[in-house]
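Numbering (my numbering), first residue to last: -3 to 151.
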């Protein structure tokens, strides 16, 4: 039986990518075809580069490399190898972006990028706007889907 190719590769400083995937698993359950490579202080540039190249070399060409910081080592390596191996690279990874990628059968790179951008919100501003639409009196508390209640208090 042939092993499935890696479709998504996360390159992050420290263990950020591992924690992102753990959070996504809380929402979606099992995630397939995904590999995380953490850049740790003890890694040399050359070691990390080789590890990344080993994974990219067996990646699905319709896959995506996600990185944390544009201009950082993880992204610079991804750009060089992504260009060489013709694999898309997306910097500034966030949860909405990963959810979009993992939930779609056919990965649309532009849609994944757009969802990442749309996932960035000024939460207080969004909340205030929703209050204006529905009326102040409806928002004295927020109820979490599991039943936890958060009292908003007085303004």
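Positions of the beta carbon are idealized from the N, C-alpha and C atoms, including for glycine.
Next item on the list: May I have the straight-line CA-CA distance separating residue 95 from residue 42, to the nearest angstrom?
Entry: Numbered from 1 along the chain shown, position 99 holds the residue referred to as residue 95. Numbered from 1 along the chain shown, position 46 holds the residue referred to as residue 42. About 31 Å.
Notebook entry, point to check: Secondary structure at residue 71, three-state DSSP: helix, strand or coil?
Noted result: Counting from one through the chain shown, the residue named residue 71 turns up at place 75. Helix.
Check: Of the residues 99, 126, 84 and 121, which one's Cα is nearest the Cα of residue 106?
Finding: As a position in the chain shown, residue 106 is number 110, starting the count at 1. That would be 84, whose Cα lies nearest to the Cα of residue 106.
Notebook entry, point to check: Near residue 86, which residues of its chain fall below 8 Å by C-beta distance, leaving aside the five closest residues on each side in sequence?
Noted result: Within the chain shown, residue 86 is the residue found at index 90, counting from 1. Correct list, in chain order: 60, 61, 62, 63, 93, 105, 108, 109 and 112.
Note to self: For residue 33 and residue 90, I'd like the C-alpha separation in whole angstroms.
What the structure shows: One-based indexing of the chain shown puts residue 33 at position 37. One-based indexing of the chain shown puts residue 90 at position 94. In this structure, the alpha-carbon of residue 33 lies about 16 Å from that of residue 90.
Margin query: Extract the residue ranges of the beta strand (DSSP E) inside the region 80 to 104, only unbroken runs of 3 or more that lie entirely within it.
Written below: DSSP runs (the beta strand (DSSP E)) wholly in the region 80 to 104: 84 to 87.
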